[in-house]
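Numbers in my numbering are just positions in the sequence shown, counted from 1, shifted up by 1002. Even glycine gets a Cβ: it sits at the ideal position worked out from N, Cα and C. For reference, the structure discussed in these notes is given below.
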Amino acid sequence: MRWKCTCAYDGTDFDGWQRQTEGTAVQNYLEAALSRILDTKTLTHGSGRTDAGVHARGQCFHFDADWRHDGSKLIRGLHSILPTSIRIHSARPVSDAFHARHSAVGKRYIYRYYLGRADPLQERYLWACRSVPLDLAAMRQAATYLIGQHDFSAFGASHGKDNDPNPVKTIHRLELQQHGRHIKLTTEGSGYLYRMVRSFAGGLYSVGRGRLTPEQVQEILESKQRTHRIVTAPAKGLCLDRVFYA
C-alpha cells in the first residue's frame, strides 16, 4: 500500500531534506522512525529537496508499506519517535500511481525578510537585513519580469543541474507584501531550480537597495547566465509552504 504524508519541519538543525550518509537530514529521521514502526527498512520519496536551514510547512512524501491501521495511528507512532522539530500533518493511503515528486504540478514558497535586528524568537525564520528602507515599488516591478515561462538558468545554482536539468519553469505568482519591518515574498510555480527562490529573494533585495534596476534583472534573466550580481539569500528565511497536486 502506498501512503501519502504531509509534514512540517524547522530546518535549522537539519542538513536539508535529502538523506545524508551521516543521518542528519529530515529524510533520515523519517525513514528511521518508519522503519522502527513497520519493523522493516522503509524508504521515502519527497516532493523535492530543501537545503540545510530551509523550513517547510507543507512538504509531501510517500512510502510503500503494509500498514493495516489508519493514518492517525501512524502519525501518533511517528510523533512518539521523531524530534519535535518534525511534525506530520496528514497520512493517508493513495493509488500506486501517485508519486510525491512526479505527480506534483506546482509549489508555493514563502521568503521572509526583516529590516533591522529581529527578535531572537523570530530570527531563525527570516533574513534580518540592514535597517534601511527598501524600494518596494522597484522590487515589485522587477518581480513582474520573472513571472511567466522562462529559462531560469541565471537564477539556479550551477551545481544543481544534475537534480533538475530542465531550466524552463513557469512562475504564476511572485508578490511582495510589507507590514512594518516585515516583508513577505510569496511565489507559486510549476517547479523551481536548485536555490532559485533564494536567488529571487536575493536579487529582489538588491533591487530594493538600489544595487540593481528592475531592467537589469530582466537582462540577467534573458542572458541565461548565472552572475555574481544575483546573490543567494540566506536559507533560514525560506519555507516550502505547499505542494500542489492535480
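Distance CB(residue i)-CB(residue j) smaller than 9 Å
{"i": "residue 1084", "j": "residue 1031", "result": "yes"}
{"i": "residue 1048", "j": "residue 1102", "result": "yes"}
{"i": "residue 1203", "j": "residue 1115", "result": "yes"}
{"i": "residue 1241", "j": "residue 1057", "result": "yes"}
{"i": "residue 1100", "j": "residue 1006", "result": "yes"}
{"i": "residue 1067", "j": "residue 1044", "result": "yes"}
{"i": "residue 1137", "j": "residue 1028", "result": "no"}
{"i": "residue 1117", "j": "residue 1185", "result": "yes"}
{"i": "residue 1144", "j": "residue 1130", "result": "no"}
CB-CB length for residue i against residue j, believed under 8 Å
{"i": "residue 1235", "j": "residue 1207", "result": "7 Å"}
{"i": "residue 1205", "j": "residue 1173", "result": "In fact, because the Cβ distance is near 13 Å, the residues do not count as touching under 8 Å."}
{"i": "residue 1158", "j": "residue 1211", "result": "Rounded, the Cβ-Cβ distance is 23 Å, inconsistent with contact."}
Host beta strand (DSSP E) of residue i (start-end)
{"i": "residue 1199", "result": "Run containing residue 1199: none in the beta strand (DSSP E); it sits in the alpha helix (DSSP H), 1198-1210."}
{"i": "residue 1096", "result": "1088-1096"}
{"i": "residue 1189", "result": "1184-1191"}
{"i": "residue 1177", "result": "1170-1181"}
{"i": "residue 1228", "result": "First-last for residue 1228: undefined, no H or E at that position."}
{"i": "residue 1194", "result": "Careful: residue 1194 lies outside any beta strand (DSSP E) and carries neither H nor E."}
{"i": "residue 1112", "result": "1106-1117"}
First through last residue of the alpha helix (DSSP H) which encompasses residue i
{"i": "residue 1004", "result": "Segment 1004-1011 is the beta strand (DSSP E) holding residue 1004; no alpha helix (DSSP H) there."}
{"i": "residue 1055", "result": "Looking at the DSSP string, residue 1055 is not in any alpha helix (DSSP H), and its letter there is neither H nor E."}
{"i": "residue 1081", "result": "1073-1081"}
Backbone CA spacing between residue i and residue j [nearest angstrom]
{"i": "residue 1156", "j": "residue 1124", "result": "31 Å"}
{"i": "residue 1171", "j": "residue 1228", "result": "16 Å"}
{"i": "residue 1059", "j": "residue 1013", "result": "10 Å"}
{"i": "residue 1022", "j": "residue 1054", "result": "11 Å"}
{"i": "residue 1221", "j": "residue 1105", "result": "33 Å"}
{"i": "residue 1008", "j": "residue 1090", "result": "6 Å"}
{"i": "residue 1036", "j": "residue 1194", "result": "29 Å"}
{"i": "residue 1175", "j": "residue 1070", "result": "41 Å"}
{"i": "residue 1010", "j": "residue 1024", "result": "22 Å"}
{"i": "residue 1182", "j": "residue 1097", "result": "46 Å"}
The ligand PLP heavy atom lying under 8 Å from the CB of residue i
{"i": "residue 1029", "result": "No copy of the ligand PLP occurs in the structure displayed, which carries no ligand at all."}
Beta-bridge pairing of residue i - partner residues as DSSP gives them
{"i": "residue 1130", "result": "1116"}
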